[in-house]
Every structure is written in structure tokens, then in C-alpha cells.
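J.: Below is one structure. I have some questions about it.
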Amino acid sequence: MDNAPGYEITIADIGDRFFCKDGQNVLLAMERLGRDGIPVGCRGGGCGICRVQVMGGGKYRTLKMSRAQVSETDAAQGICLACKLIPQGDLQIRALGSLRQSLR
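Everything in the sequence shown is counted per this note's numbering, starting at 726 for the first residue and increasing by one.
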């Protein structure tokens, strides 16, 4: 069993929960566990397919993302791309825009 430190991520829209290792991005953690709660696009922070909003939980940081997909105003409201979201505690996230429609 892997005892690496990590965090529980909850996708509020669908109630799915999964484990994300310390230093790993949320999208990669979800994919590695065979989950599909967040659509996967370019994985590089440019396409915006995996756009989410952090609703609560612990701290987090984000890596460089396209400002065309996530503006500074968006980022201030907890909006980011799951492929660039690095949790530093348990998080609750929700899908946004067309992403939400993909989850239904």
C-alpha cells in the first residue's frame, strides 16, 4: 500500500471522492484512479476543458494557466484548471460552464 501523504478531493457536482498525492495535480490523480468526474483536455493548462472552482477545504496552489481560460478575477474566486491545481489539503471542487453539462 502506498503511504504517500495526500489529500481527499471531492467533486461536489457528483459527490465523487478520490485521493490526490502531495504535489500531484487533481486531474492526473483522478485519471490514475480510473475516475472520470472531470473531462480531460490538453492536460497543459491551455484548453480550459477541466475548469473547476475550489469551493472549500484546505490550501492549494496553481501552476501556470492560460489567462484566456482563467482570468485574474476568476483565480481570485477560486476558479482554475484541474490540470494545474495542486492541493495542499483536502478540497471540495465543482465543475463550471460546459464542464458541468458533461457531468450530467
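Built from N, CA and C at the ideal position, the CB exists for glycine as well.
1. Based on the DSSP secondary-structure assignment, which residues constitute the bridge partners of Cys745?
2. Using only alpha-carbon positions, find the residue among Asp741, Gln813, Asp815 and Tyr785 that is nearest to Ala801.
3. For Ala793, count neighbouring Cβ atoms within 10 angstroms of its own Cβ and tell me buried if that reaches 16, exposed if not.
4. Identify which residue in Gln778, Asp741, Ala737 and Gly783 has its Cα closest to the Cα of Leu806.
5. Name, in chain order, the residues that DSSP records as bridge partners for Leu810.
6. Would you call Leu810 buried or exposed, if buried means 16 or more other Cβ atoms sit within 10 Å of its Cβ?
7. Would you give the residue range spanned by the alpha helix (DSSP H) that Leu816 belongs to?
8. Span of the alpha helix (DSSP H) holding Val795?
9. Decide if Gly766 is buried, meaning its Cβ has at least 16 other Cβ atoms within 10 Å, or exposed.
10. Would you mind sorting Asn728 into buried or exposed? The rule is 16 or more other CB atoms within 10 Å of its CB.
T.: Considering the structure as presented:
1. Tyr732
2. Tyr785
3. exposed
4. Gln778
5. Thr787
6. buried
7. Not the alpha helix (DSSP H): Leu816 falls in the beta strand (DSSP E), residues Leu816 to Ala820.
8. Segment: none, Val795 is in no alpha helix (DSSP H) and carries neither H nor E.
9. buried
10. exposed
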